[in-house]
């Protein structure tokens, strides 16, 4: 009898152990499934985030190149040069205002502002208002220091009284420096392009630049940064404030409440980091990036291949030309209004006469190769 009791007790013991073992195994399996699901989701978010950031960089580069191209063309305006020579500030304002209105009406540049600076960085004329002529601008524009050294065209996201895209180009008459033309665009227009695809941009400038950015002192702030674009989604502000900011900056991304937050360093034209671009991408917008490749960039009407060519042309500007100025001159002619072409066409003809026959053939072949052919193969 005692042996039967002992056997039953032993069976009960082994049965208990088996139940514990099965329970432990199920917990391990369940934990493994959760672990792999979480890791798979994290890997998916990283891949999608990389695609968003890559697209963002292309779009940002395109904004810079586009702005620089327009400023190079406008710096050749003959009437503007004449106004500078005559020191006619009122005429300068009228010319800039007319150009700005025409470009806003007929091109995609809707927040365009133009201003001309004297060689020693005093305001000569602006397109958007009068009354600031003769005001020094160098004291709150550190980015202008580089022009004292090389007088070369430059473009970048620059701090000042506001944070804006700025392209600054020398205006010359022969070898004489008459001044500088600046083409300025707000980042708000750029953020609209992202919003149309469900991506919110929050442009964050480091608060240390507020000592000169007096027009931004009442702008919202978060984590030691000033929100520079005034059209940001204010409903995101409370969510952003709750993020683990140190973790977010170190990992470059975080995922909270169905939104993927990404960050990209914000650099000025000199390569100094002046803030952070934050991209907020809700789950439904992420589906846009789930394809293996995207043929169309959501920042512009151009394909990614087209944008890469534009950026490559900016970084390697010569091509078949002797220098970037010659290439920009020829490339900008088709984009201009007829009344703006006259002086530029004459300058282009004079420039091209200095090229050899072989160089001209290379230029013609390059342009012919870029033409789009339409039709059916017979």
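Residue numbers (the numbering used here): 15 to 392.
Heads up, the beta-carbon is just placed ideally off N, CA and C, and yes, glycines get one too.
None of the values given here were measured: they were computed from a predicted structure.
Counting only residues of its own chain and dropping the five nearest sequence neighbours on each side, residue 154 has a CB closer than 7 Å to the CB of 174, 175 and 226.
Looking at 222, 248 and 223, the one whose alpha-carbon comes closest to that of residue 234 is 248. With respect to residue 193, residue 98 sits close: the two C-beta atoms are nearer than 8 Å. DSSP links residue 182 through a beta bridge to 168 and 196. When the alpha-carbon of residue 274 is set against those of 77, 300, 171 and 190, the nearest one is in 300. In the DSSP assignment, residue 120 falls within the unbroken alpha helix (DSSP H) covering 103 to 120.
By the beta-carbon neighbour count (other beta carbons within 10 angstroms, threshold 16), residue 210 is exposed.
Between the region 75 to 89 and the region 187 to 203 there are three or more inter-stretch CB-CB distances shorter than 8 Å, so the stretches are counted as touching. If you ignore the 5 residues before and after residue 246, its C-beta comes within less than 6 Å of the C-beta of 216, all in its own chain and listed in chain order.
In this structure, the straight-line span from the alpha carbon of residue 212 to that of residue 297 is close to 10 Å.
For residue 290, the uninterrupted beta strand (DSSP E) segment begins and ends at 287 to 296. Residue 282 has its alpha-carbon roughly 10 Å from the corresponding atom of residue 156. Take the alpha-carbon of residue 132 and the one of residue 183: they are about 12 Å apart. An exposed status is given to residue 104, since fewer than 16 other beta-carbon atoms sit within 10 Å of its beta-carbon.
Straight-line measurement puts the Cα of residue 267 at about 8 Å from the Cα of residue 261. Cα atoms of residue 81 and residue 177: separation of roughly 15 Å, rounded to the nearest angstrom.
Pairing residue 253 with residue 289, the inter-Cα distance amounts to about 19 Å.
Around residue 243, the same chain offers 201, 202, 205 and 217 as residues with beta carbons nearer than 6 Å, after the five sequence neighbours per side are excluded.
Between residue 185 and residue 94, the CB-CB gap stays under 8 Å. Contact between residue 293 and residue 276 is confirmed by a C-beta separation of about 4 Å, below the 8 Å threshold.
Relative to residue 272, the option among 60, 295 and 255 whose CA is nearest is 295.
Approximately 17 Å separates the beta-carbon atoms of residue 172 and residue 163; this is outside 8 Å, ruling out the contact. Between residue 219 and residue 240, the beta carbon gap of about 5 Å places them in contact (Cβ cut-off 8 Å).
In its chain, beyond the 5 residues on either side, 175 and 176 have a beta carbon closer than 8 Å to the beta carbon of residue 229. Scanning its chain for C-beta atoms nearer than 8 Å, with the 5 sequence neighbours on each side dropped, one finds around residue 106 the residues 94, 97, 98, 130, 138 and 139, in chain order. In terms of CA proximity to residue 78, 169 leads the group 291, 135, 169 and 231.
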